[in-house]
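Peer 1: Each residue of the sequence shown is one higher than the one before, starting from 22 at the first, in this note's numbering. The beta-carbon is built from N, C-alpha and C at its ideal position, and this holds for glycine as well.
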Amino acid sequence: LRVTDADTMDVVEMVLVGRVNKQIVNGLNQLGARAVGLSGCDGGLVEARPWGDGSHGLVGDVARINPDVLEPLLNEGYVPVISSVAATPSDGRAHNINADTVAGELAASLQAEKLILLTDTPGILRDRDDPESLIRKLRLSEARQLIEDEVVAGGMTPKTECCIRALAQGVAAAHIVDGRVPHALLLEVFTDAGIGTMVVGRENHPNKTVD
């Protein structure tokens with residue numbers, strides 16, 4: 022788990038909020054979207070709490086999502102691009118939160134149909150050294166079991182846990198997809214087999230067939 026002191030937090034804010042966010046916004050706007058850059062601090066969109074016992078400095082977790090901040094933007098056709106920096110309500114200090122965690126909690130709060138996480142692996146693998154061992158579809162209970170059995174480990178653990186939490190709060194399906202693949206989102210959502218891993222809360226979810 023990361024440790025973030027005050028000096029590092031200043032850098033995180035400058036890079037994530039001030040540079041990376043704006044690069045993504047500009048890129049989307051160049052492609053014809055109407056993107057708006059935000060951080061979790063803006064309008065109290067994401068309220069943070071210190072992670073664990075607070076010994077990791079300014080590392081945070083999501084305490085609360087305020088979806089009212091996003092709904093006017095979404096209703097007008099804007100695409101919010103949200104940096105995973107949020108403040109604690111008690112003292113206003115910015116905290117560094119795992120981006121997957123923020124995405125999952127936002128999806129749950131908005132009751133999104135899908136949560137899609139982009140990463141640099143094909144998805145959840147039965148053998149993490151074998152890209153051909155991709156698991157294309159999992160039920161919620163199976164995803165939990167893979168974590169318990171340590172089939173899912175390392176950096177894939179928080180992503181899978183994020184999917185589990187989102188599904189438990191009403192999101193219909195969560196996907197983990199290799200963002201390096203051209204047209205990854207289209208291939209995952211609009212083809213029967215998809216290219217990544219889909220986790221579903223119910224067995225009869227209509228998307229994705231598995232041979």
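Whether or not the stretch 213 to 222 and the stretch 156 to 165 are in contact is what I'm after, with contact meaning three or more pairs of Cβ atoms, one per stretch, closer than 8 Å; do they touch?
Peer 2: Touching, yes.
Peer 1: What does the Cβ neighbour count give for threonine 142, buried or exposed, with the cut at 16 atoms within 10 Å?
Peer 2: Buried: at least 16 other Cβ atoms inside 10 Å.
Peer 1: Can you find the residues in the same chain that come closer than 8 Å, C-beta to C-beta, to glycine 98, ignoring five residues on each side of it along the sequence?
Peer 2: Cβ neighbours of glycine 98 beyond the five flanking positions: Arg55.
Peer 1: I'd like the list of long-range same chain contacts for arginine 147, defined as Cβ closer than 7 Å, with 5 residues on each side in sequence excluded.
Peer 2: Excluding positions up to five away in sequence, the list reads Ser154, Ile156, Val172.
Peer 1: Hey, valine 67 and alanine 128 are a contact pair by Cβ (cut 8 Å); roughly how many whole angstroms apart?
Peer 2: That pair is no contact at about 13 Å.
Peer 1: Keeping to the same chain, check which residues put their C-beta closer than 6 Å to that of serine 104; ignore five residues upstream and five downstream.
Peer 2: Same-chain partners within the cutoff: Leu37, Val38, Asn42, Ser60.
Peer 1: According to DSSP, simplified to helix, strand and coil, what is alanine 194?
Peer 2: Correct three-state label for alanine 194: strand.
Peer 1: Expressed to the nearest angstrom, what Euclidean distance is found between the alpha-carbon atoms of glycine 112 and cysteine 183?
Peer 2: Before going on, a small fix: residue 112 reads as aspartate here, not glycine. When rounded, the distance between both Cα atoms is 27 Å.
Peer 1: Report the rounded CA-to-CA distance for valine 33 versus asparagine 117, giving the unit in angstroms.
Peer 2: Roughly 7 Å between the two C-alpha positions.
Peer 1: Is the separation between the beta-carbon of leucine 131 and that of histidine 196 shorter than 8 Å?
Peer 2: Result no, Cβ atoms of leucine 131 and histidine 196 do not sit closer than 8 Å.
Peer 1: May I ask which residues mark the beginning and end of the alpha helix (DSSP H) holding threonine 178?
Peer 2: Where threonine 178 is concerned, the enclosing alpha helix (DSSP H) stretches over 177 to 189.
Peer 1: Looking only at DSSP bridge pairs, what is proline 61 linked to?
Peer 2: Sequence inspection shows glycine at residue 61; the proline mentioned does not correspond to that position. In the DSSP output, where bridge partners are listed per residue, glycine 61 has none listed.
Peer 1: Secondary structure at aspartate 232, three-state DSSP: helix, strand or coil?
Peer 2: Only weak support is given to the placement of aspartate 232: the predicted model assigns it a pLDDT of 43, under 50, and the value that follows is read from those uncertain coordinates. Aspartate 232: coil per DSSP, three-state reduction.
Peer 1: Go through its chain and collect everything with a Cβ distance to leucine 208's Cβ below 6 Å, but skip five positions before and after it.
Peer 2: Closer than 6 Å at the Cβ level, and outside the excluded window around leucine 208, lie Ile216.
Peer 1: Looking at the unbroken alpha helix (DSSP H) that takes in proline 93, where does it start and where does it end?
Peer 2: Residues 92 to 96.
Peer 1: At 4 residues or longer, and completely inside the stretch 60 to 146: list those alpha helix (DSSP H) runs for me, N to C.
Peer 2: Segments of the alpha helix (DSSP H) lying fully in the stretch 60 to 146: 92 to 96, 120 to 130.
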